[in-house]
Structure formats: structure tokens, C-alpha cells
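Visitor: Residue numbers (the UniProt record's numbering): 1 to 117.
Note that beta-carbon positions come from the ideal geometry of N, C-alpha and C, so glycine has one too.
One structure, as C-alpha cells, below. Some questions next.
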């Protein structure tokens, strides 16, 4: 999920016949991307990144932020986001699992899955 702090909606409201007096910011603030793990009890390991997330940033999140929180019964699910498809992510999770949680599994949601729509 990403957010742009200076973003405003494309519409505004004013009384009939009056001009809208609200200015539109020039997007001087950078985008902020939020990365979080969803667990049965709520949000798990979270972080925010200035700008967009690429495979390298996501790999750092898996290794340094999510990895230490994984337990033996956890399941890591990656969808079809291109950032999740970077080569080596599965090995990274499995390597972390062999150190801290033997039964952690990495799965990928097929694009034709009902949950992918």
C-alpha cells in the first residue's frame, strides 16, 4: 500500500454560485510505501519506505524485519505482485525458516485463483 501525504481528491464542494477556495498542493512530499504482514491476530511486522518498493527493498524487509518474527507454524504467502516474484525470495524465506522456524512454508497464489480477483 502506498500513500502520498500531499494528495487531495479531484473534487471539492462549495455553496451554489461560489468558487472553491481550496488550493491543490504541488506534490512536494514523496510517496511513502507501507509494508506489513497480516496475521490472524492483526498486523505483524511493519515498516515504511520513502518511494516505491522494489525486489531489493522487499528482500531486506523479509530478511531483517519479517524474518526474525516468523514462528514454526507461520505460512508466508506471496501474491503475483512483481516485487514478490524476484528470484531468491523463496530461498531467503526458507533459509530464515531453517534457522528459526523449520515448518514455515512459502506459497505463491496462482493468478487464476478465486482469491486473486
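Cβ of residue 93 within 6 Å of any heavy atom in the ligand SAH?
Guide: Looking at this structure, you won't find the ligand SAH or any other ligand, since it has none at all.
Visitor: Let me make sure I understand the geometry here. Which of 45, 51 and 31 has the alpha-carbon closest to that of residue 76?
Guide: Stepping through the chain shown from its first residue, residue 76 is reached at position 76. Comparing Cα positions, the closest option is 45.
Visitor: The beta strand (DSSP E) with residue 59 in it runs from where to where?
Guide: Residue 59 sits at position 59 when you count from the first residue of the chain shown. Careful: residue 59 lies outside any beta strand (DSSP E), inside the alpha helix (DSSP H) at 55-60.
Visitor: Using C-beta distances below 7 Å, list every residue in its chain close to residue 101, excluding the 5 sequence neighbours before and after it, in chain order.
Guide: As a position in the chain shown, residue 101 is number 101, starting the count at 1. In this prediction, residue 101 has a pLDDT of 35, which is less than 50 and means its spatial position is unreliable; nothing more can be read from the coordinates.
Visitor: Buried or exposed for residue 37, please, with buried defined as at least 16 other CB atoms from any protein chain shown within 10 angstroms of its CB.
Guide: Taking the chain shown and counting its residues from 1, the one referred to as residue 37 is at position 37. Residue 37 should be labelled buried.
Visitor: Is the CB-CB distance between residue 33 and residue 53 below 7 Å?
Guide: Your numbering for residue 33 matches position 33 in the chain shown. Your numbering for residue 53 matches position 53 in the chain shown. Yes, the Cβ-Cβ distance between residue 33 and residue 53 is below 7 Å.
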